[in-house]
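*Asks:* In my numbering, the protein residues as written are 12 to 391.
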Ligand code: PLP
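#1: Can you tell which of 14, 118, 198 and 257 has its C-alpha closest to the C-alpha of residue 75?
#2: Would you kindly work out how many angstroms separate the C-alpha atoms of residue 33 and residue 41, rounded to a whole number?
#3: Can you list the alpha helix (DSSP H) stretches of 4 or more residues lying completely in the stretch 247-287, in chain order?
#4: What residue range is occupied by the uninterrupted beta strand (DSSP E) comprising residue 64?
#5: Starting from residue 124, trace the alpha helix (DSSP H) both ways and give me its first and last residue.
#6: Can you check DSSP and say which residues form a bridge with residue 307?
#7: Touch check for the stretch 23-38 and the stretch 161-170: three-plus C-beta pairs under 8 angstroms?
#8: Taking the beta carbon of residue 319 as the centre, do at least 16 other beta carbons fall within 10 Å, making it buried, or is it exposed?
#9: Let me check understanding here. Comparing Cα to Cα, which of 157, 313 and 366 lies closest to residue 384?
#10: Please state whether DSSP places residue 335 in a helix, a strand or coil.
#11: Leaving out five residues before and five after residue 154 in sequence, what residues of the same chain have Cβ atoms less than 6 angstroms from its Cβ?
#12: Beta-carbon separation of residue 58 and residue 220 under 9 angstroms?
#13: With a 10 Å radius around its C-beta and 16 neighbouring C-beta atoms as the bar for buried, classify residue 325 as buried or exposed.
#14: Any heavy atom of the ligand PLP within a distance shorter than 8 angstroms of the CB on residue 139?
#15: Is residue 158 closer than 9 angstroms to residue 176 when the C-beta atoms are compared?
#16: Would you call the stretch 287-296 and the stretch 264-275 touching, i.e. three or more CB-CB distances under 8 angstroms?
#17: Among all the DSSP beta bridges, which residues are the ones paired with residue 329?
#18: Reducing DSSP to helix, strand and coil, say where residue 71 ends up.
#19: Taking DSSP as the reference, what is the three-state secondary structure of residue 174?
#20: Please name the residue or residues paired with residue 344 in a DSSP beta bridge.
#21: Closer than 6 angstroms by C-beta to residue 81: which residues in its own chain qualify, once you throw out the five before and the five after it? Chain order, please.
#22: Which class does residue 167 belong to by DSSP, given the choice of helix, strand or coil?
#23: Do you know how far the Cα of residue 60 is from the Cα of residue 202?
#24: Going by DSSP, what residues sit across from residue 131 in a beta bridge?
#25: Return the chain-ordered ranges of every alpha helix (DSSP H) run that is complete within the stretch 174-220 and spans a minimum of 4 residues.
#26: Have a look at residue 303 and residue 83 and give me their C-alpha separation to the nearest angstrom.
#27: Using C-beta distances below 7 angstroms, list every residue in its chain close to residue 353, excluding the 5 sequence neighbours before and after it, in chain order.
#28: Pick from 137, 165, 135 and 180: whose alpha carbon is nearest that of residue 152?
#29: Between which two residues does the alpha helix (DSSP H) harbouring residue 33 extend?
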């Protein structure tokens, strides 16, 4: 069955499955001193090295978490709490309008619960790129800021200018959180550009329920889970050994070489060309901005995303509408709304490590079939 929903979750990579199985056959808590514990510890540290390489970071800066939702919460709450009683407390959260809900809702909760902190939403352009002028202006206002901008958007694939944002944040003395969940393995990452960087294993072909926060040396952080003192006391709890081993193996496999990137880009570009040829009415959102090579956000005039997703599903083709974490309950996309395209309804087609030409062709064929059936009503 054609699976074109890699931005929601990627199929388990064979390398990850093998690492998970190896981990599951071990008996030992990574904190135990005996041989079993040492073997488990070695696996955790091997994975830490691989994840660090993927993020362009040092191994010591990787904190394993239950996923990117936890990593984002740890960064935001951890930074706010750590600076609360310091000379320069964070008083403003500058969050891009297209962030994942795990960032937006956590920032919202912080602003609601912590006196003296306010949330400011940073707009994006019609192409879905963070509005640098607006961010520059906001950064000039009084009060220390914590900025959150993702490396690439999960709905449109639009890549954000993190280099430039990093320079602006540094100049203003602001902290920067980069959610690199969708970008990881598709473009090079440089954790040195930010203070916090979040990753999720399952978007790379690792099992679900494992992720990481990369924290730079100088970044303030108060742990949110305390207890056994694991991971240098920054995230207590016995490590999810099999998940972490799978994450490490997936990170290693995902570290893109040019050949893999070219293959994926050719697949996605070929898909968009075939779609536009068959259905000139189709709009590809974010296509004027730099995009990840695996994502297409497609709108057909008059067709609701929900109907497209269901029609494709009936043909055995899996895609999603809007962000993965809201699938099941298809709501209007806050990302399209931020791009001033709130009246559009679109689907996200996202390819990945095992996608083929047949998968891409199946999406086009199914959309053409749907359009022929629904066009008279859509045009009415
Ligand atoms: N950030 C982005 C951009 C995502 O797409 C997702 C998941 O959809 C998350 C964060 C949350 O990741 P996790 O599922 O690991 O909690």
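In this text, a Cβ means the ideal position worked out from N, Cα and C, and glycines have one as well.
*Replies:* In short, the structure shows the following:
#1: Your numbering for residue 75 matches position 64 in the chain shown. Out of 14, 118, 198 and 257, 257 has the C-alpha closest to the C-alpha of residue 75.
#2: Walking along the chain shown from the start, residue 33 turns up at place 22. Walking along the chain shown from the start, residue 41 turns up at place 30. In this model, residue 33 and residue 41 are separated by some 14 angstroms (Cα to Cα).
#3: 252-265
#4: As a first step, residue 64 must be located in the chain shown, where it is residue number 53. It is not in any beta strand (DSSP E) - residue 64 instead sits in the alpha helix (DSSP H) that spans 46-66.
#5: In the chain shown, counting from the first residue as 1, residue 124 sits at position 113. Run containing residue 124: 112-124, per the alpha helix (DSSP H) assignment.
#6: Taking the first residue of the chain shown as position 1, residue 307 is located at position 296. Looking at the DSSP assignment, residue 307 forms a beta bridge with 360.
#7: no
#8: For this step, residue 319 is matched to residue 308 along the chain shown. The residue is buried, with at least 16 neighbouring Cβ atoms inside 10 Å.
#9: Translated into the one-based positions of the chain shown, residue 384 becomes position 373. Measuring from the Cα of residue 384, the nearest candidate turns out to be 313.
#10: In the chain shown, the residue the question calls residue 335 occupies position 324. With a pLDDT of only 46 at residue 335, under 50, the local geometry of the prediction cannot be trusted, and no value is derived from it.
#11: Within the chain shown, numbered from 1, the residue matching residue 154 stands at position 143. These residues qualify, in order along the chain: 102 and 103.
#12: The sequence position of residue 58 within the chain shown is 47, counting from 1. The sequence position of residue 220 within the chain shown is 209, counting from 1. Result no, Cβ atoms of residue 58 and residue 220 do not sit closer than 9 angstroms.
#13: The residue you call residue 325 lines up with position 314 of the chain shown. Its Cβ having fewer than 16 others within 10 Å, residue 325 is exposed.
#14: As a first step, residue 139 is located in the chain shown; it is residue number 128 there, counting from the start. Checking the Cβ of residue 139 against the ligand PLP gives no.
#15: Along the chain shown, one-based indexing puts residue 176 at 165. Along the chain shown, one-based indexing puts residue 158 at 147. Their beta carbons are under 9 angstroms apart, which means residue 176 touches residue 158 by this criterion.
#16: no
#17: Residue 329 sits at position 318 when you count from the first residue of the chain shown. Per DSSP, 14.
#18: Position 60 of the chain shown, counting from 1, holds the residue named residue 71. Here residue 71 sits in helix by DSSP.
#19: Residue mapping note: residue 174 aligns to position 163 of the chain shown, counting from 1. In this structure, residue 174 counts as helix in the three-state DSSP scheme.
#20: For this step, residue 344 is matched to residue 333 along the chain shown. Answer is none; residue 344 lacks a bridge partner.
#21: Numbered from its first residue, the chain shown carries residue 81 at position 70. So no residue of the chain qualifies.
#22: Residue mapping note: residue 167 aligns to position 156 of the chain shown, counting from 1. DSSP places residue 167 in coil when its eight states are reduced to three.
#23: Taking the first residue of the chain shown as position 1, residue 202 is located at position 191. Taking the first residue of the chain shown as position 1, residue 60 is located at position 49. When only Cα atoms are considered, residue 202 and residue 60 end up about 14 angstroms apart.
#24: One-based indexing of the chain shown puts residue 131 at position 120. Per DSSP, 105.
#25: none
#26: Indexing the chain shown from 1 puts residue 303 at position 292. Indexing the chain shown from 1 puts residue 83 at position 72. Whole-angstrom Cα-Cα distance: 21 angstroms.
#27: Position 342 of the chain shown, counted from the start, is the residue given in the question as residue 353. If we look at residue 353 and ignore the five residues flanking it on each side, its Cβ neighbours are 343 and 347.
#28: As a position in the chain shown, residue 152 is number 141, starting the count at 1. Here the closest residue by C-alpha is 180.
#29: Position 22 of the chain shown, counted from the first residue, corresponds to residue 33. 25-35 is the extent of the alpha helix (DSSP H) around residue 33.
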